[in-house]
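Working notes, structure below.
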Amino acid sequence: MSYNNELYPYTQNETPEPGAPAPEPQRKQKRGKAGKTVALVLCSALLCGAMGFGGGMLASSLSDTQTSSSGVTVQQATANSESSAGATQLSNTTSAQLSIEEIAAKAADSVVEITTESVTTGEFLQQSITQGAGSGVIISTDGYILTNYHVIEGASTITVTLRNGNSYPATLVGVDDNLDVALLKIEETNLSPATFGDSSSLKVGETAVAIGNPLGQLGGTVTNGIISALDRDITIDGKTKKLLQTNAAINPGNSGGGLFNDKGQLIGLVVAKSSGEEIEGLGFAIPINDVVNILDDLKQYGYVKGRISLGVSLLDISSQQMALMYRVGQTGCYIYSTVDGSAAAKAGLRSGDCITAINGTEVSTSEDVKTILDTCSVGDTIQMTILRNGESATVSVTLQEYVPSEISNTSTTVTSNSGSGLIAM
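Next comes the structure, spelled out in structure tokens:
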């Protein structure tokens, strides 16, 4: 699959033909995050085929395309710096503006190439190895590195290559799939970390320099432009983020790379670019202040504390045609799967349940559900009204703390929903 101009989250069915068993795993080369675009960007679709909730396979290959609230289609473009354990401080210095050449000289050593391998098992137990690439930013002298979650999602091995060409295996320390951030660690010292700037002080029109690994083959590439806009509401994989917009050239493989200001300070983590064939000059980055706010939790716990989890994957059935496809009686927000041991599973919720209300408030989409859950806390008990086999029932659900599967090693019904049209709650 590749990014296209269809709107998130649904596409027409795609049913891959099963391949013959192979004695050795096939290696599928993914060109940078371009490769991640077609195969691993949001770990796309290993889902195929027939219809229905009752034990059948997912009826659509579901889209990798992401859409902003203003209709812009985007594509995953896949300290003080001495922060190894304590709180990270933002730089308040007002040093003179640097030239692009000086910014590159100051910041380039802090940007790394990241390559991944993911092993998947096919329908007839044939294995394939999918390779991906992205970028990352060193944030401490002792080997902590930031990147996007979607760069390393589902990876069985992660390798970091420094600007000097030295490569190291990386350990996953923590993830925040909501913000699309991952924290890695390599065993090395005397590295060259980036200095964090203050993204809250940015102004439209300021210089912006992107450094990354476009196409997974051109590590250390420097492009420049300006900050085009602030606080853009962009929805990626069903999650809306406030992102920086830049016209600095960003390409697949830049994901996780750095966006720097005119002082050579890190102000953003590159996350996405426009996927429209006729659209250029639209790139997006996570404001670095948002990343700083979660760094201590990622280091200490491996995830962001205090976030709730319902433990389901939701699917919006938005038309009668979709309802027929999935063999359900009406449109609405359906539970596609539950996570073993989750709040939903403990409450007896199951695949095929249609959620019609929470705490007496009617809901018809996954966004409605999210809006209500965003007002809840860990330990809260909600009253969820569902429709099952044509009968309405109300179920009490006690919300649990969200711990990513990569950290908890908990078996889940759906390993990854990225780009699939399923919304994890």
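For the sequence shown, this note's numbering gives the first residue as 372, with consecutive numbering after it. C-beta atoms are modelled at their ideal positions from N, C-alpha and C, and glycine is treated no differently.
Residue i versus residue j: straight-line alpha-carbon distance, rounded
{"i": "Leu573", "j": "Ile598", "result": "8 Å"}
{"i": "Thr769", "j": "Phe655", "result": "36 Å"}
{"i": "Thr742", "j": "Val766", "result": "19 Å"}
{"i": "Ser690", "j": "Lys612", "result": "27 Å"}
{"i": "Gly364", "j": "Gly576", "result": "Outside the modelled stretch of the chain, which goes from 372 to 796, sits residue 364, for which no answer is possible."}
{"i": "Asn730", "j": "Gln754", "result": "5 Å"}
{"i": "Ile607", "j": "Gln616", "result": "14 Å"}
{"i": "Ala581", "j": "Leu469", "result": "15 Å"}
{"i": "Thr491", "j": "Leu614", "result": "32 Å"}
{"i": "Ser735", "j": "Leu720", "result": "17 Å"}
{"i": "Ser369", "j": "Gln588", "result": "The first residue shown for the chain is 372 and the last is 796, placing residue 369 beyond what the model contains."}
{"i": "Glu733", "j": "Asp661", "result": "32 Å"}
{"i": "Gly536", "j": "Lys477", "result": "18 Å"}
{"i": "Leu637", "j": "Lys610", "result": "24 Å"}
{"i": "Pro623", "j": "Gly503", "result": "11 Å"}
{"i": "Thr756", "j": "Tyr705", "result": "12 Å"}
{"i": "Tyr707", "j": "Asp513", "result": "43 Å"}
{"i": "Gly596", "j": "Asn632", "result": "10 Å"}
{"i": "Thr518", "j": "Gly635", "result": "18 Å"}
{"i": "Thr560", "j": "Leu653", "result": "36 Å"}
{"i": "Val740", "j": "Val749", "result": "16 Å"}
{"i": "Val522", "j": "Asn549", "result": "14 Å"}
{"i": "Val531", "j": "Ala479", "result": "15 Å"}
{"i": "Thr752", "j": "Ser538", "result": "48 Å"}
Beta-carbon proximity of residue i to residue j, cut-off 7 Å
{"i": "Lys676", "j": "Asp667", "result": "no"}
{"i": "Asn584", "j": "Glu484", "result": "yes"}
{"i": "Pro658", "j": "Gly629", "result": "no"}
{"i": "Gly545", "j": "Gly673", "result": "yes"}
{"i": "Ile516", "j": "Gly507", "result": "yes"}
{"i": "Tyr520", "j": "Ala565", "result": "no"}
{"i": "Leu562", "j": "Ile509", "result": "yes"}
{"i": "Cys725", "j": "Leu695", "result": "no"}
{"i": "Val593", "j": "Ala475", "result": "yes"}
{"i": "Val642", "j": "Ile621", "result": "no"}
{"i": "Glu679", "j": "Cys747", "result": "Reading the sequence as shown, one finds Ile at residue 679 and not Glu. Yes."}
{"i": "Ser489", "j": "Ala541", "result": "no"}
Residue i: first and last residue of the uninterrupted beta strand (DSSP E) it sits in
{"i": "Ser737", "result": "Careful: Ser737 lies outside any beta strand (DSSP E), inside the alpha helix (DSSP H) at Ser737 to Leu744."}
{"i": "Glu488", "result": "Val482 to Thr492"}
{"i": "Lys610", "result": "Lys610 to Thr617"}
{"i": "Val580", "result": "Thr578 to Gly583"}
{"i": "Ile509", "result": "Gln498 to Ile509"}
{"i": "Ile729", "result": "Cys725 to Ile729"}
{"i": "Ile529", "result": "Thr528 to Thr532"}
{"i": "Thr542", "result": "Thr542 to Asp547"}
{"i": "Leu562", "result": "Run containing Leu562: none; DSSP gives neither H nor E here."}
Heavy atom of the ligand PLP within 6 Å of residue i beta-carbon
{"i": "Asp602", "result": "As presented, the structure is devoid of all ligands, the ligand PLP included, so that no description of it is given."}
Classification of residue i by the beta-carbon crowding that lies within 10 angstroms, buried from 16 upward
{"i": "Phe495", "result": "exposed"}
{"i": "Gly703", "result": "buried"}
{"i": "Glu524", "result": "buried"}
{"i": "Asp711", "result": "exposed"}
{"i": "Lys717", "result": "exposed"}
{"i": "Glu558", "result": "exposed"}
{"i": "Gly590", "result": "buried"}
{"i": "Pro775", "result": "buried"}
{"i": "Ala715", "result": "buried"}
{"i": "Gln671", "result": "exposed"}
{"i": "Thr487", "result": "buried"}
{"i": "Asp604", "result": "exposed"}
{"i": "Glu762", "result": "exposed"}
{"i": "Ala764", "result": "exposed"}
{"i": "Asp745", "result": "exposed"}
{"i": "Thr578", "result": "buried"}
{"i": "Met796", "result": "buried"}
{"i": "Asn625", "result": "buried"}
{"i": "Glu777", "result": "buried"}
{"i": "Thr570", "result": "Checking the displayed sequence, the identity of residue 570 turns out to be Ser instead of Thr. Buried, since its Cβ has 16 or more Cβ neighbours within 10 Å."}
{"i": "Thr709", "result": "buried"}
{"i": "Asp551", "result": "buried"}
{"i": "Ser481", "result": "buried"}
{"i": "Asp602", "result": "exposed"}
{"i": "Thr501", "result": "buried"}
{"i": "Gly627", "result": "buried"}
Bounding residues of the alpha helix (DSSP H) (the contiguous stretch that carries residue i)
{"i": "Val662", "result": "Ile659 to Gln671"}
{"i": "Val699", "result": "Where Val699 is concerned, there is no enclosing alpha helix (DSSP H), given that its DSSP letter is neither H nor E."}
{"i": "Val522", "result": "Tyr520 to Ile523"}
{"i": "Lys556", "result": "First-last for Lys556: Val552 to Lys556, but that is the beta strand (DSSP E), not the alpha helix (DSSP H)."}
{"i": "Ala715", "result": "Ala714 to Ala718"}
{"i": "Ile471", "result": "Ile471 to Ala478"}
Strand pairing of residue i, partner residues [DSSP]
{"i": "Arg759", "result": "Glu762"}
{"i": "Gln771", "result": "Ser680"}
{"i": "Glu749", "result": "The question names Glu, but residue 749 in the sequence shown is Val. Paired residue(s): none; Val749 is not in a bridge."}
{"i": "Ser708", "result": "Ser684"}
{"i": "Ser538", "result": "Thr532"}
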